[in-house]
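To keep things clear, I will list the structure first and then write my remarks on it.
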Amino acid sequence: MTTYTLRKATPEKVRTDVLVVGIATGKGGALVPAPGAEPVAAALGRRFAPLLGSFGFRGSFGEVVQVPGGDKVNAARILAVGLGERTALTTEKVRRAAGVAARGVGNASSVALALPAVDAAHVRAVVEGFRAGLYRFDAFRSTKRGTGPADVVVLADGARRADVTAALAQATALADVTDQARDWVNTPPNALVPLTFAAEIETAVQGSGITFEMVDAAALAVLGCGGILGVGNGSENPPCLVRLTWAPADATGSVALVGKGITYDSGGLTIKPGGSMGHMKSDMAGAAAVVAAIRAVAARDLPVAVTAYLPLAENMVSGDAMRPGDVLTMLSGQTVEVLNTDAEGRLILADALTMAAREDHDVIVNVATLTGPCVVALGDRVAGLFGDDETVADVQRAAESSGELFWHLPIPDEQRDAVRTESKVADLLQHNWVRWGSALYAAAFLEVFVEGRPWAHFDIAGPAWNGGGPWGHVPSGGTGFSVATLVDLVAARAGA
Ligand code: BES
Ligand code: MN
Ligand code: ZN
Numbered sequence: 048m049t050t051y052t053l054r055k056a057t058p059e060k061v062r063t064d065v066l067v068v069g070i071a072t073g074k075g076g077a078l079v080p081a082p083g084a085e086p087v088a089a090a091l092g093r094r095f096a097p098l099l100g101s102f103g104f105r106g107s108f109g110e111v112v113q114v115p116g117g118d119k120v121n122a123a124r125i126l127a128v129g130l131g132e133r134t135a136l137t138t139e140k141v142r143r144a145a146g147v148a149a150r151g152v153g154n155a156s157s158v159a160l161a162l163p164a165v166d167a168a169h170v171r172a173v174v175e176g177f178r179a180g181l182y183r184f185d186a187f188r189s190t191k192r193g194t195g196p197a198d199v200v201v202l203a204d205g206a207r208r209a210d211v212t213a214a215l216a217q218a219t220a221l222a223d224v225t226d227q228a229r230d231w232v233n234t235p236p237n238a239l240v241p242l243t244f245a246a247e248i249e250t251a252v253q254g255s256g257i258t259f260e261m262v263d264a265a266a267l268a269v270l271g272c273g274g275i276l277g278v279g280n281g282s283e284n285p286p287c288l289v290r291l292t293w294a295p296a297d298a299t300g301s302v303a304l305v306g307k308g309i310t311y312d313s314g315g316l317t318i319k320p321g322g323s324m325g326h327m328k329s330d331m332a333g334a335a336a337v338v339a340a341i342r343a344v345a346a347r348d349l350p351v352a353v354t355a356y357l358p359l360a361e362n363m364v365s366g367d368a369m370r371p372g373d374v375l376t377m378l379s380g381q382t383v384e385v386l387n388t389d390a391e392g393r394l395i396l397a398d399a400l401t402m403a404a405r406e407d408h409d410v411i412v413n414v415a416t417l418t419g420p421c422v423v424a425l426g427d428r429v430a431g432l433f434g435d436d437e438t439v440a441d442v443q444r445a446a447e448s449s450g451e452l453f454w455h456l457p458i459p460d461e462q463r464d465a466v467r468t469e470s471k472v473a474d475l476l477q478h479n480w481v482r483w484g485s486a487l488y489a490a491a492f493l494e495v496f497v498e499g500r501p502w503a504h505f506d507i508a509g510p511a512w513n514g515g516g517p518w519g520h521v522p523s524g525g526t527g528f529s530v531a532t533l534v535d536l537v538a539a540r541a542g543a
């Protein structure tokens with residue numbers, strides 16, 4: 048466990064193992080201390096820039112170098128992080144640089160961060176970035192790697208200001224729940240099946256003021272949730288739906304969050320090629336993000352009601368598995384012709400969206416690792432964002448403070464029409480084999496079940512999982528993508 052404290056202190060005087068400073072570049076590529084680092088540069092005087100330069104450090108974004116503190120600085124080591132051009136410095140770059148720094152501090156037991164912490168938003172970015180950079184998933188290793196420093200001091204001039212102390216508390220609370228979401232995403236699929244995931248969610252929300260309910264497969268059958276059951280049928284591990292409610296007495300509005308919780312996606316009979324299956328344990332990242340978000344909302348005691356609907360299922364192959372050609376009767380009463388068992392997300396989400404649409408919420412937001420084609424369109428760092436203009440604009444505003452990248456994609460009328468007219472046997476066609484614009488078709492399908500309510504859909508198939516090495520503040524594996532944006536979206540509705 049790492050303790051985070053805010054201090055207003057001059058950085059060169061702080062006794063610590065590692066002092067982190069940000070170094071930007073100015074005119075002609077000159078190394079210039081970023082806000083927070085100036086006193087360190089001043090203490091070292093004219094030696095500082097040449098010292099960094101002698102290690103080949105050029106101040107470009109994401110570079111790191113460590114130098115001894117020497118006699119002018121009380122820290123044993125100084126870790127300089129490159130921030131790139133001074134004029135292009137943003138809060139998001141600070142978040143990413145803090146993540147880079149976290150991976151650079153080695154086995155230091157105390158760290159002081161003298162990164163740009165000029166206001167509450169920057170303090171938040173420093174703490175979120177550093178915490179995310181320290182994230183490791185060691186639950187299934189015999190030998191655990193380091194646990195990170197015991198003490199982290201965040202140096203900020205506003206250390207005693209209420210907005211700044213709140214920013215630190217909120218950032219560490221957000222990091223706690225986001226780490227849990229990452230753990231779930233990283234957990235192997237044999238250790239996280241629908242019912243164990245539900246049990247872990249129940250444990251996670253205990254004592255938080257959030258109500259936990261679980262609708263098991265038998266109860267889903269009574270309700271008529273043909274989508275969730277159709278997908279879950281092929282697995283030995285039965286599906287379920289978890290419903291979480293945060294309903295503060297002073298609630299000013301109500302938000303529904305719906306998260307895709309496929310604990311493993313083999314594709315079903317429309318089976319995936321082997322190479323695409325390896326990280327399909329991450330197909331519950333939407334559900335994990337929604338749980339994390341509602342926990343953060345409750346931890347902050349935000350006066351907005353939030354209800355989470357989490358359809359959990361495993362998409363497998365068996366004699367009971369759903370077939371391409373099957374027709375399912377959904378909770379909405381509509382029939383759906385299934386043409387691709389690998390387009391399972393929209394089927395489980397449809398029932399959950401119907402539940403959400405039929406309980407009175409002001410807005411519905413669903414989060415899903417929905418389509419590979421969205422990754423083809425936007426890459427693995429940007430989520431697809433669909434929905435009505437007003438809700439989309441709210442999400443885009445929230446994403447400005449969270450730093451997460453979303454790109455608004457359209458739902459063309461042709462796709463809407465295709466969903467409703469192209470099945471030869473049922474009310475709706477689950478999938479068409481047109482390869483182009485498949486992320487849009489999936490969104491058009493989901494939209495049917497929202498029944499005209501304000502709605503946004505995040506397709507996080509790309510950014511939920513980092514298949515490469517860590518970068519910036521983003522760890523390898525489960526990233527926790529969209530937790531921060533969801534929380535900021537709810538916070539904005541609370542006027543916080
Ligand atoms: N879980 C996948 C989507 C996915 C792909 C997530 C890659 C993360 C990385 C989803 O259930 C799926 O299989 N989608 C299909 C969509 C297609 C049927 C339009 C896909 O990606 O091929
Ligand atoms: Mn699939
Ligand atoms: Zn899937």
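Read in order, the letters of the sequence shown correspond to residues 48 to 543 in this note's numbering.
Note that the Cβ used here is the ideal one computed from N, Cα and C, for glycine as well.
Since we're looking at a predicted model, the values are computed, not measured.
Any non-hydrogen atom of the ligand MN within 8 Å of residue i CB
i	result
Ala390	yes
Asp312	yes
Asn362	yes
Exposed unless 16 or more other CB atoms sit within 10 angstroms - verdict on residue i
i	result
Ser553	Residue 553 is absent from the model: the chain starts at 48 and stops at 543.
Thr50	exposed
Phe102	exposed
Gly146	buried
Gly279	buried
Arg370	exposed
Glu384	buried
Gly372	exposed
Met327	buried
Gly73	exposed
Ala303	buried
Collapsed DSSP secondary structure at residue i in the structure displayed
i	result
Val481	coil
Met369	coil
Ala84	coil
Met48	coil
Cys287	strand
Val566	As shown, the chain starts at 48 and ends at 543. That puts residue 566 outside it, with no answer to give.
Phe184	coil
Ile309	strand
Gly75	helix
Ile125	strand
Thr438	helix
Val173	helix
Ala251	helix
Val472	coil
Ser329	helix
Pro115	strand
Whether residue i touches residue j by CB criterion (9 Å)
i	j	result
Gly321	Gly281	no
Arg171	Leu130	no
Lys307	Val414	yes
Ala547	Ala238	The first residue shown for the chain is 48 and the last is 543, placing residue 547 beyond what the model contains.
Pro286	Pro235	no
Val344	Trp293	yes
Met22	Thr401	Because the chain here runs from 48 to 543, residue 22 falls outside it and cannot be looked at.
Ala220	Arg347	yes
Gly273	Asp398	yes
Pro295	Val224	no
Contact test: residue i Cβ vs the ligand ZN heavy atom, cutoff 8 Å
i	result
Asp398	no
Ile309	yes
Thr317	no
Asp552	Nothing in the structure corresponds to residue 552, since the chain is present only between 48 and 543.
Leu417	yes
Asp166	no
Asp330	yes
Span of the alpha helix (DSSP H) around residue i
i	result
Gly322	321 to 324
Leu215	209 to 233
Ser523	From DSSP, Ser523 is part of no alpha helix (DSSP H); its letter is neither H nor E.
Pro295	Run containing Pro295: none; DSSP gives neither H nor E here.
Leu10	As displayed, the chain neither begins before 48 nor continues past 543, which places residue 10 out of reach and without an answer.
Ala345	332 to 346
Proximity test, residue i beta-carbon vs the ligand BES heavy atom, cut-off 8 Å
i	result
His326	yes
Ala368	no
Tyr356	no
Ser323	yes
Residue i - containing beta strand (DSSP E), residue span
i	result
Gln462	Segment 460 to 468 is the alpha helix (DSSP H) holding Gln462; no beta strand (DSSP E) there.
Glu384	382 to 384
Leu136	It is not in any beta strand (DSSP E) - Leu136 carries neither H nor E in the DSSP assignment.
Ala355	352 to 362
Phe259	258 to 262
Ala159	157 to 161
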